[in-house]
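S.K.:
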Amino acid sequence: MAAAQEICLCLPEELLECTFKYLDGDNRSFMSLSLVSKQFLYITNRIRFSVTITDETIPFLPRLFHRFPNLTSLNLTIVPKTVEEVNALLTLISTFPLDIKSIRLRPKRILRPIQIPANGLIALSKTMKNMTSLSFYQMGQFDKKNLFLIADCFPLLQELNLCNPWLTSDTDFMVDHKDPLLALPNLRKINLYGNYIGDPDQFANFLRHNCTQLQEIMLSLGNLGNMTVLVL
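Just so you know, we're using full-length UniProt numbering here: the sequence shown kicks off at 1 and counts up by one.
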């Protein structure tokens with residue numbers, strides 16, 4: 001072990017970093033490597049691009065983000081009590097010098113349904129300009145206004161998931177001729193599974209017309225199950 005460690009320490013840091021990247025973000029492997037030496041710890045910290053944030057880690061976010069300065073993906077597995085708590089968390093995240101490209105919020109446990117954290121998204125949009133993937137699961141309710149808000153905040157989105165709301169109605173995503181343009185020119189995939197879409201064909205056409213790069217739309221057909229539309 002000591003001999004192998006000595007050999008590794010003689011290798012250029014760039015070579016070690018390229019080698020470690022082949023682990024493709026395997027956090028368990030990174031953890032094992034970080035115990036070998038301070039050099040390995042430094043390298044694995046630098047190439048760690050994704051972390052999971054829980055309620056227990058929120059007080060230590062400054063330390064966490066300092067340790068992993070190149071994060072691009074955050075998985076928020078929290079127990080939100082109010083939408084204000086989520087707004088505060090996203091606003092706090094927006095203050096750090098990170099280039100986050102993906103955020104996924106899946107409540108670990110739901111005490112009460114909460115709405116989309118609009119203020120937090122607006123705060124994030126001011127500093128996280130390169131967001132390409134956004135996912136919200138099991139929020140109180142999603143509707144068309146959420147889509148326009150998200151489009152205004154993150155126009156470079158390529159993937160959007162708004163799935164399994166607590167409440168849904170056939171008017172949530174009703175298309176109106178007065179609707180403005182949904183400015184998501186790079187959007188390739190949208191998942192609205194669990195939302196009741198009153199007129200799926202009309203809404204799918206609305207999305208295709210607005211998002212010319214769209215390749216996949218996932219909608220729910222009432223109680224009939226899922227419908228996946230591939231856009232060529």
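All residues carry an ideal CB built from backbone N, CA and C; glycine is no exception.
Who pairs with residue 104 in a beta bridge, going by DSSP?
M.R.: Position 104 of the sequence shown, counted from the start, is the residue given in the question as residue 104. According to DSSP, which records beta bridges pairwise, residue 104 is partnered with 75 and 135.
S.K.: Smallest Cα separation from residue 117: which of 102, 139, 131 and 111?
M.R.: What you label residue 117 is simply residue 117 of the sequence shown in a count that begins at 1. Among 102, 139, 131 and 111, the Cα nearest to that of residue 117 is on 139.
S.K.: Return helix, strand or coil for residue 58, following the three-state DSSP convention.
M.R.: Locating residue 58 in the sequence shown gives position 58, where the first residue counts as 1. In the structure shown, residue 58 sits in a helix (DSSP, three-state: H, G or I).
S.K.: Round the Cβ separation of residue 173 and residue 143 to the nearest angstrom and send it over; I've been treating them as touching at under 8 Å.
M.R.: Within the sequence shown, residue 173 is the residue found at index 173, counting from 1. Within the sequence shown, residue 143 is the residue found at index 143, counting from 1. Contact flag correct, Cβ pair sits at about 7 Å.
S.K.: Please state if the CB of residue 71 and the CB of residue 49 are separated by a distance shorter than 8 Å.
M.R.: Here residue 49 refers to the residue found at position 49 of the sequence shown. Here residue 71 refers to the residue found at position 71 of the sequence shown. Against a cut-off of 8 Å, the Cβ pair of residue 71 and residue 49 comes out as a contact.
S.K.: If you run the structure through DSSP and keep just helix, strand and coil, what is residue 178?
M.R.: Counted from its first residue, the sequence shown places residue 178 at position 178. Looking at residue 178 - three-state DSSP - the assignment turns out to be coil, as it is neither helix nor strand.
S.K.: Could you give the DSSP three-state label for residue 120: helix, strand or coil?
M.R.: As a first step, residue 120 must be located in the sequence shown, where it is residue number 120. Helix, per DSSP.
S.K.: Nearest to residue 111 by alpha carbon, out of 105, 79 and 145?
M.R.: Here residue 111 corresponds to residue number 111 of the sequence shown, with the count starting at 1. For residue 111, the nearest C-alpha among the options comes from 79.
S.K.: Under three-state DSSP, which class holds residue 7?
M.R.: Residue numbering aside, residue 7 sits at position 7 when the sequence shown is read from its first letter. Legend: pLDDT at residue 7 = 44, less than 50; position of this residue unreliable, no value from coordinates given.
S.K.: Would you call residue 178 buried or exposed, if buried means 16 or more other Cβ atoms sit within 10 Å of its Cβ?
M.R.: For the purposes of this step, residue 178 is taken as residue 178 along the sequence shown, with counting starting at 1. Classification for residue 178: exposed.
S.K.: If we cut at 8 Å on Cβ distances, does residue 142 have a partner in chain C?
M.R.: Any reference to chain C falls outside this structure, which holds one protein chain only.
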